[in-house]
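Convert by adding 3 to the 1-based position in the sequence shown; the result is the number in our numbering. We put the beta carbon where it would ideally sit given N, CA and C, even for glycine. Single-structure report; data block below.
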Amino acid sequence: MFIEPMLLQNADKPFDSDNHYFELKSNGVRVMLERQDGKNKLFNRNGTEITERIPELENIDLDDCYLDGVLVCYCDGKEDFEAVTNRVSFIQENKILQGSKQFPLTYIAFDILRHKNKNLIKEPLSYRKNILSKTLVDQDSIKKSFYIESEGTMFFEQIKTLGLEGIVAKSKDSTYIPAHRSLNWLKIINWRYGNYYIAGYKKQGMGLLISEIINGDFVNVGIVEFGMNTGQKTAFFSITKHIKTGEDKNYIYVEPFVRCVIKSRGQLNNGELIEPIFHDFIV
C-alpha cells in the first residue's frame, strides 16, 4: 500500500543543533520501497508503481518493511540527476535492460515507516533510524543514507566544497506525516551562482531567456521565471524597447546587453540550468 512521502521545507542557511540529524541530500528521484511477502514494490512520489523499471532492486534481500528514500545514479563517482530521470521514464523492456547495465541505480534509504507488522510512522525519527540501521545491510543496489549529528554548519561547508546537492536537517523527535510539508524536515540547498546574459523574455507570463558565452557564441541555458521583484522588472522592461532584435510566437528577443546573477541547483549535461532563480543585475 502506497504511503505519500513526507515533504521538506526550505531553509536559507545551515545551523548547528543537538536535536537534529543532518543528512546528505542525494540528487535523485524520491521513491518509496515496499517489501512484502518476499517481493519488492517501488512507487514514485505520486504513487505510480515503477517496480519493473528498476530491475536492480528486484532481488535485494530485506525483512518485510516500507522504506522512504532516493534513487541515484553514480557516473564517474558523481550523482547524475539526468541519468536517474531518464532511467525511471523507460517503460520498454529493451530500454530498461540496457539502462540498468549502462546507468545502474542505487537506492539510498533514509527512513523506515514499517518493519514487519509494526507501523513506525508515529515513532520518533531517532527510533526509526535505529530500526533502519538494524534492518538494512548496505548492498550494491541499496544503502542507508549518510548523516551526522549536531554540526550542520560544518557538514554543509564540506558538501559545498565537494559540489554536492545540499543537506537535510531533521528533528530527532519528528514523527512521519505523509504528504505534509514540515518544519521538522528542512532542506538547505547548495545553490550555485553564475553570471549570465538576458537574451529575451516570454510574451505571456514571466520568463527570461538566459544565455552564456560558450566558444565565442551565445548559448541559451534556461528560462528564469522566479526571483525578480517589481522594481527589477520595471527597470528591465523600461530598456527592452531600445534593445529589441526580434520576436516570434512566444518570445521577444533582445541584444544580450543586460547581465545578471542567476542561482541554480547546477546544470544538466547539456548545460541547461536546474531550477534557475534570478538573484540580481550586474551593473
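{"query": "Contact between the region 51-71 and the region 240-260 (3+ Cβ pairs under 8 Å)", "result": "no"}
{"query": "Run of the beta strand (DSSP E) containing I216, from where it starts to where it stops", "result": "211-217"}
{"query": "For Y130, three-class secondary structure by DSSP", "result": "helix"}
{"query": "S148 classed as buried or exposed, judged by whether at least 16 other C-beta atoms fall within 10 angstroms", "result": "buried"}
{"query": "One or two residues paired with M35 in a DSSP bridge", "result": "F46, D71"}
{"query": "Contact under 8 Å by Cβ, G225 with P279", "result": "yes"}
{"query": "Close Cβ partners of E258 (< 7 Å) along its chain, the five nearest in sequence each way excluded", "result": "I246, T248"}
{"query": "Contact under 8 Å by Cβ, I111 with S29", "result": "yes"}
{"query": "Cβ neighbour criterion (16 or more within 10 Å) applied to V75", "result": "buried"}
{"query": "Status (buried if at least 16 other CB within 10 Å, exposed otherwise) for R90", "result": "buried"}
{"query": "Same chain, Cβ closer than 8 Å to Q207, five either side skipped, listed in chain order", "result": "N253"}
{"query": "C-alpha gap between Q270 and N120, whole angstroms", "result": "43 Å"}
{"query": "Secondary structure, beta strand (DSSP E): runs of 3+ residues fully inside the region 151-231", "result": "169-174, 184-192, 195-205, 211-217, 220-227"}
{"query": "N22 - containing beta strand (DSSP E), residue span", "result": "20-27"}
{"query": "From S174, G166, I124, residue whose alpha carbon lies closest to that of S267", "result": "G166"}
{"query": "Contacts around P8, its chain only, beta-carbon distance under 8 Å, and the 5 residues preceding and following it disregarded", "result": "R33, M35, R48, D71, P181, A182"}
{"query": "Host beta strand (DSSP E) of N97 (start-end)", "result": "That residue, N97, is in no beta strand (DSSP E); its alpha helix (DSSP H) goes 96-105."}
{"query": "Expected contact under 8 Å - CB spacing of E61 and N43 to nearest Å", "result": "6 Å"}
{"query": "S267 - partner residues in DSSP beta bridges", "result": "R195"}
{"query": "DSSP state of Q12 mapped onto helix, strand, coil", "result": "strand"}
{"query": "Range covered by the beta strand (DSSP E) that runs through E85", "result": "That residue, E85, is in no beta strand (DSSP E); its alpha helix (DSSP H) goes 84-92."}
{"query": "Alpha carbon of I151 to alpha carbon of Y204, nearest angstrom", "result": "44 Å"}
{"query": "Integer Cβ distance of A202 from L186, believed to fall under 8 Å", "result": "About 39 Å separates the two Cβ atoms, so there is no contact after all."}
{"query": "Straight-line gap, L11 to I170 (C-alpha atoms, nearest Å)", "result": "11 Å"}
{"query": "As assigned by DSSP and simplified to three states, the class of T54", "result": "helix"}
{"query": "Beta-ladder partner(s) of T237, from DSSP", "result": "Its beta-bridge partners do not exist; DSSP assigns none."}
{"query": "Simplified DSSP state of I6, which is helix, strand or coil", "result": "coil"}
{"query": "E258 - DSSP class collapsed to helix/strand/coil", "result": "coil"}
{"query": "Three-state class that DSSP yields for I242 in the structure shown", "result": "helix"}
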